[in-house]
Amino acid sequence: MVDFIDYEQTEPRQRATAVSSDDVHIKLDDWSVVGQSTVHDYGEDWVTYGRETAVHRALNQRKNEFTNLQPCRVLCVTWNVNGQLPSEDLDTLLSVDDRPADVICVGFQELDLSPETLLLMNDSSKELMWMEKMKAGLPKGVSYKLLKHIRLVGILLVVYVRESMISRVSEVYIGSVSTGIMGMLGNKGGVSIKFNIDMTTISIVNSHLAAHQEMVERRNQDYRDIFTKMRFDNDEANTLKNCDIVVWIGDLNYRVSEDEITGEEIRALAEKWEIGPLLRFDQLREQRNKHLVFEEFVEDTINFMPTYKYNPGTDKFDTSEKCRTPAWCDRILWKSNTVLKCEDYRSHPIHKLSDHKPVSAVLLVQTRVVDVQKKQLVLDEILKDLDRIANDSLPQAALNRTELNFDGVKYLEAQEQPITLQNTGTDLFEFEFIPKLEDRSICAPWLRIEPQKGVVDPGNVMIINFTVYIDNRALKTIGPDRKLDEILVLHLVNGKDYFISVSGYLVQTSFGRKITDLVRIPDPIRRQNLLVDIEQSPDEVKVDEESPVALNIPKELWRIVDYLYQHALFEEELFAVRGSPMDIGAVRDAIDTDGPIQVSSIHSVAESLILFLDSFPDPVIPYEHYPVCLEYCTHFANSKRALRNMDFSHRNVFKYICAFLREILSHSERNRSNAKFLSQVFGDVLLKPQLPEAGNVAKSTSKKRSLFVYQFLTNDYDE
Amino acid sequence: MPNDYDHLFKLLIIGDSGVGKSSILLRFSDNLFSGTYITTIGVDFKIRTIEVEGEKVKLQIWDTAGQERFRTITATYYRGTQGVMVVYDVSNLDTFGNVRRWLQEIEQNCDDVVRILVGNKCDSPDKKVSTEEGKALASQMDIPFFETSAKDNLNIETVFDEITKLVLAMKKNKLAQQNPAITSTGNITVKKGDGGKKKGKCNCG
Ligand SMILES: Nc1nc2c(ncn2[C@@H]2O[C@H](COP(=O)(O)OP(=O)(O)O)[C@@H](O)[C@H]2O)c(=O)[nH]1
Ligand SMILES: [Mg+2]
Numbered sequence: 158m159v160d161f162i163d164y165e166q167t168e169p170r171q172r173a174t175a176v177s178s179d180d181v182h183i184k185l186d187d188w189s190v191v192g193q194s195t196v197h198d199y200g201e202d203w204v205t206y207g208r209e210t211a212v213h214r215a216l217n218q219r220k221n222e223f224t225n226l227q228p229c230r231v232l233c234v235t236w237n238v239n240g241q242l243p244s245e246d247l248d249t250l251l252s253v254d255d256r257p258a259d260v261i262c263v264g265f266q267e268l269d270l271s272p273e274t275l276l277l278m279n280d281s282s283k284e285l286m287w288m289e290k291m292k293a294g295l296p297k298g299v300s301y302k303l304l305k306h307i308r309l310v311g312i313l314l315v316v317y318v319r320e321s322m323i324s325r326v327s328e329v330y331i332g333s334v335s336t337g338i339m340g341m342l343g344n345k346g347g348v349s350i351k352f353n354i355d356m357t358t359i360s361i362v363n364s365h366l367a368a369h370q371e372m373v374e375r376r377n378q379d380y381r382d383i384f385t386k387m388r389f390d391n392d393e394a395n396t397l398k399n400c401d402i403v404v405w406i407g408d409l410n411y412r413v414s415e416d417e418i419t420g421e422e423i424r425a426l427a428e429k430w431e432i433g434p435l436l437r438f439d440q441l442r443e444q445r446n447k448h449l450v451f452e453e454f455v456e457d458t459i460n461f462m463p464t465y466k467y468n469p470g471t472d473k474f475d476t477s478e479k480c481r482t483p484a485w486c487d488r489i490l491w492k493s494n495t496v497l498k499c500e501d502y503r504s505h506p507i508h509k510l511s512d513h514k515p516v517s518a519v520l521l522v523q524t525r526v527v528d529v530q531k532k533q534l535v536l537d538e539i540l541k542d543l544d545r546i547a548n549d550s551l552p553q554a555a556l557n558r559t560e561l562n563f564d565g566v567k568y569l570e571a572q573e574q575p576i577t578l579q580n581t582g583t584d585l586f587e588f589e590f591i592p593k594l595e596d597r598s599i600c601a602p603w604l605r606i607e608p609q610k611g612v613v614d615p616g617n618v619m620i621i622n623f624t625v626y627i628d629n630r631a632l633k634t635i636g637p638d639r640k641l642d643e644i645l646v647l648h649l650v651n652g653k654d655y656f657i658s659v660s661g662y663l664v665q666t667s668f669g670r671k672i673t674d675l676v677r678i679p680d681p682i683r684r685q686n687l688l689v690d691i692e693q694s695p696d697e698v699k700v701d702e703e704s705p706v707a708l709n710i711p712k713e714l715w716r717i718v719d720y721l722y723q724h725a726l727f728e729e730e731l732f733a734v735r736g737s738p739m740d741i742g743a744v745r746d747a748i749d750t751d752g753p754i755q756v757s758s759i760h761s762v763a764e765s766l767i768l769f770l771d772s773f774p775d776p777v778i779p780y781e782h783y784p785v786c787l788e789y790c791t792h793f794a795n796s797k798r799a800l801r802n803m804d805f806s807h808r809n810v811f812k813y814i815c816a817f818l819r820e821i822l823s824h825s826e827r828n829r830s831n832a833k834f835l836s837q838v839f840g841d842v843l844l845k846p847q848l849p850e851a852g853n854v855a856k857s858t859s860k861k862r863s864l865f866v867y868q869f870l871t872n873d874y875d876e
Numbered sequence: 058m059p060n061d062y063d064h065l066f067k068l069l070i071i072g073d074s075g076v077g078k079s080s081i082l083l084r085f086s087d088n089l090f091s092g093t094y095i096t097t098i099g100v101d102f103k104i105r106t107i108e109v110e111g112e113k114v115k116l117q118i119w120d121t122a123g124q125e126r127f128r129t130i131t132a133t134y135y136r137g138t139q140g141v142m143v144v145y146d147v148s149n150l151d152t153f154g155n156v157r158r159w160l161q162e163i164e165q166n167c168d169d170v171v172r173i174l175v176g177n178k179c180d181s182p183d184k185k186v187s188t189e190e191g192k193a194l195a196s197q198m199d200i201p202f203f204e205t206s207a208k209d210n211l212n213i214e215t216v217f218d219e220i221t222k223l224v225l226a227m228k229k230n231k232l233a234q235q236n237p238a239i240t241s242t243g244n245i246t247v248k249k250g251d252g253g254k255k256k257g258k259c260n261c262g
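Sequences listed follow chains A and B, in order.
For the numbering used here, count along the first sequence from 1 and bump the result up by 157.
For the numbering used here, count along the second sequence from 1 and bump the result up by 57.
Written as structure tokens, this is what we have:
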């Protein structure tokens, strides 16, 4: 036999339900939570619903940590009074327990059967009389306050609360649902009073469901209607579902089923107090076992006689014409998401004025009390946790180093060093190098970064290559100390910035030096042994500005030209074919250290010449003379005059180059050189505008530059 | 997510390298402390939400590299900052000596900003800067002063609480000045010629 579901078994199930279903509803001061269908880990919540929701849910999940449970004794009474006047005192109903209850809920049915009440729903004088009687019957020595009462025709519900507890009670609402004919007439239906004690929301429902043996399904439906349609305060969201505790009392009208046993037999068993066998046929228990009604509700064991139907004024079952079969019409059930203990469940046969006996239950409920300080601590922790989640989801990276040192960078010789950027976080991140301060570019011209931006997946590593390469453009940005110093900002999108320091120095070289300086350095600009240079101060070679002794032209220029003179006079396509970087490095080292020039291709030396001429900070035709020279580019006499006004060493270099080019041209039948091509190549190297020219301007000035040089290649020139 | 917070403030922690800036931030954001010294090469930030005066304030706290060579770059990060914490190490006189320079740095890079002076490592047995000296400098500069220990978690929360309160007050004060009708007292305030620091009641209502 399936017996009642006992307390210990149901409690865990109920709790599980509260967590996983829509029932979660808490009110914590100003934190109100609207029930959501599932409870997540709140980190995930934060992403899905925003932080606010996440905080609420986390608080809800952890409410046990900052709430204390406080017991509260609730006495519930239900009685179908059959329209009778209160001719009996009620202390035998309301004051029978040793410990007076904190909350007393009394529900009557058929309080008033007069046709006026039924139709007009006017005030009932009987209500007042019953209220008076109840008041008189409340436990003595304790002061109670009427919290609320509500009546739907004959269904009256009254809630009293101990006066000393009243400050803990809040949010008191009433609601009612009619299930009578057309759902309008209130002879059947339910009323409810809902209130909070501390943080716990309690609803008491008093209902009178459809009568008659065969109306089981109707009763089930009445229950469902009342449960789902009950609203409080006209608020659609304020339902019975959201309550922590629902206590359902009333004349539920379930009978002892006559399907397997006759009415006679039932009556016989009842008269012999055979409660157990009879209960087996109790319709409510049958229906509940089939989960057709009062799902999730619990009822305590019935140890009392059927409460219906008696001859009024007696303890004798109905002997009238109708001869109704005895039944437990009057019941008390509950549903709670905290521990709830039923201390007593009984009928009160002493009351005889009605054809029903009253039924009452003493319920020990637990209400949640917020510990404000503990709650603040929990809230702080939650906020911190959420912040930590947020911080953890910021891009996390590791760089294998943030300082790069390029020792001894040579002119036109690329040096590369990698940095590895690892994604140590859980999400992919984007990185990019960003210009610092007011800069427009991310780094100095002598540095190249590859890649400058990208995306790195979690756990992956990106190798970023830093290449120092010093060409003539970069040379101009390097100071006389030849120090390379740069800080780069590596930015993780939505995250931190790293500063990457790149330092180094340029090995001493004649490239990029002023003509006027070079002619005052008689010794090789650098020792042959590179290591010596590294250890010595970068400015090891001093230019003696005062020295009257000067070379005619830089000796390095002489070395290059002399080499070409000796090896390249008959070479075709000179200055048209590019050399090799290795050779050019060899030429650089040779002229800087006064070593022998050893190359695989003569064209490397030719290109070195162009590079060398191009590297002067002030071009061979100094900037200040550039406009004049362009103006006279077709007037040889004036051009010569312009030349005469220039610095001695610049002029010498110009003359020397032109003489050399004329020498090449003189062998044009062998080397197929032509003056136009050479003046084009050398025009753009020997003459340069100080400021960059716009495209269209540059085209015409380029022509003038080559015309200027052309004059000196096609005319003999000597001062 | 509009309801995440009522205010979002950007705070900056500056001071010499090694005074404990990153440690203060780590203590505040993750309640952690590590004895090993990992130099901050760049700028990093953490967020933390706190409640002050019943309002939710989301703090974005930037930790900067303290090295001299980064000083010009870090200046960029002063932009949009509402509060700056200048930190020195009570066991290192030099770092205290440099406080003025850091304050100048703020002067040059920020307009309206709350400043607060923090003497960190107050757990140190080898204290070189006395509390009185710290206090004296702070009062001379007219800024609040705290001694903290990231190691022992002393005063860390307090310092952030305080600076947040001040930034909040500054913000409200500014709002009130822009919008004289809504001050907490309900009085109509009038911005005076002296920079609007004093409130005057206007009887025009
Ligand atoms: N004793 C003590 N040591 C600290 C404290 N705060 C930081 N440190 C140590 O001081 C060193 C530098 O700290 P760090 O936070 O990296 O300084 P930052 O360069 O200003 O960011 C580390 O070794 C820390 O462990 C503190 O409050 N007390
Ligand atoms: Mg740091």
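Glycine included, every Cβ here is placed at the ideal spot set by N, Cα and C.
I need the boundaries of the alpha helix (DSSP H) containing residue 724 of chain A, first residue and last residue. 712–724
Which of the three DSSP states is assigned to residue 262 of chain A in this structure? Strand at residue 262 of chain A.
Beta-carbon spacing of residue 403 of chain A, residue 492 of chain A below 7 Å: The answer is yes: Cβ separation under 7 Å.
Of the choices A:750, A:413 and A:260, whose alpha-carbon is the least far from that of residue 228 of chain A? A:260
Residue 317 of chain A (DSSP reduced to helix, strand or coil): Note: residue 317 of chain A maps to strand in three-state DSSP.
Please determine whether the Cβ atom of residue 180 of chain B lies at a distance below 6 Å from any heavy atom of ligand 1. yes
Cutting at 6 Å between CB atoms, please list the residues of its own chain near residue 683 of chain A, excluding the five before and the five after it. 665, 690, 749 and 750
So, does the region 620–628 of chain A touch the region 563–571 of chain A, judging by three or more C-beta pairs under 8 Å? The region 620–628 of chain A is in contact with the region 563–571 of chain A.
Would you say the beta carbon of residue 97 of chain B is closer than 6 Å to some non-hydrogen atom of ligand 2? yes
Excluding the five sequence neighbours on either side, which residues of its own chain have a C-beta within less than 7 Å of the C-beta of residue 829 of chain A, listed in chain order? 729
I want to verify the contact list: residues of chain A whose CB lies under 7 Å from the CB of residue 102 of chain B, in sequence order. 653
Residue 213 of chain A versus A:837, A:607, A:538 and A:861, residue with shortest Cα-Cα distance: In terms of Cα proximity to residue 213 of chain A, the closest of A:837, A:607, A:538 and A:861 is A:538.
Is it buried or exposed for residue 480 of chain A, if we count other Cβ within 10 angstroms and need 16 for buried? exposed
Pair within 7 Å by beta-carbon distance, residue 230 of chain A and residue 551 of chain A: no
Exposed or buried, residue 856 of chain A, counting other C-beta atoms within 10 Å across all chains shown (16 or more means buried)? exposed
Below 8 Å on C-beta distance, what does residue 207 of chain B contact in chain A? Under the 8 Å cutoff, chain A gives no residues; its nearest Cβ is about 17 Å from residue 207 of chain B.
Would you list, in chain order, the members of the region 248–271 of chain A that have their beta-carbon closer than 8 Å to a beta-carbon of chain B? Sequence-ordered contacts of the region 248–271 of chain A with chain B are nonexistent [C-beta pairs closer than 8 Å].
Chain B within 7 Å of residue 857 of chain A, Cβ atoms only: no
Are the C-beta atoms of residue 172 of chain B and some chain A residue less than 7 Å apart? no
Pull up the distance between the alpha-carbon of residue 648 of chain A and that of residue 527 of chain A, whole angstroms please. 46 Å
Quick one: any contact between the region 139–146 of chain B and the region 170–182 of chain B, if contact means 3 or more CB pairs under 8 Å? These segments touch.
Assign residue 854 of chain A to buried or exposed, taking buried as 16 or more other Cβ atoms, counted over all protein chains shown, within 10 Å of its Cβ. exposed
Measure the C-alpha to C-alpha separation of residue 91 of chain B and residue 525 of chain A and round it to an integer number of angstroms. 41 Å
Heavy atom of ligand 1 within 6 Å of residue 840 of chain A beta-carbon: no
List the residues of chain B whose Cβ lies closer than 8 Å to the Cβ of residue 646 of chain A, in chain order. 99 and 130
Counting contacts by CB-CB distance shorter than 7 Å, is residue 216 of chain A in contact with chain B? Closer than 7 Å to the CB of residue 216 of chain A there is not a single CB belonging to chain B.
Which residue wins for smallest C-alpha separation from residue 512 of chain A, given the options A:266, A:786, A:814 and A:793? A:266
Taking beta-carbon pairs under 7 Å, can you tell me which members of the region 80–91 of chain B lie near chain A? 86 and 87
Buried or exposed for residue 470 of chain A, going by 16 or more other Cβ atoms inside 10 Å? exposed
Helix, strand or coil at residue 105 of chain B according to DSSP, with G and I counted as helix: strand
Proximal residues of chain A, C-beta to C-beta of residue 127 of chain B below 8 Å: 644 and 656
Enumerate in chain order the residues of its own chain whose CB-to-CB distance from residue 301 of chain A is below 8 Å, with the five nearest sequence positions on each side excluded. 261, 295, 317, 318, 319 and 320
Given a threshold of 16 other Cβ atoms within 10 Å of its Cβ, counted over all protein chains shown, does residue 283 of chain A qualify as buried or as exposed? With 16 or more other Cβ atoms within 10 Å, it is buried.
Opposing strand residues paired with residue 791 of chain A [DSSP bridges]: The partner list for residue 791 of chain A (beta bridge, DSSP) is empty, contrary to what the question assumes.
In angstroms with no decimal places, state the Cα-to-Cα distance between residue 64 of chain B and residue 450 of chain A. 51 Å
To the nearest whole angstrom, what separates the beta carbons of residue 315 of chain A and residue 263 of chain A, a pair I think is in contact under 8 Å? 5 Å
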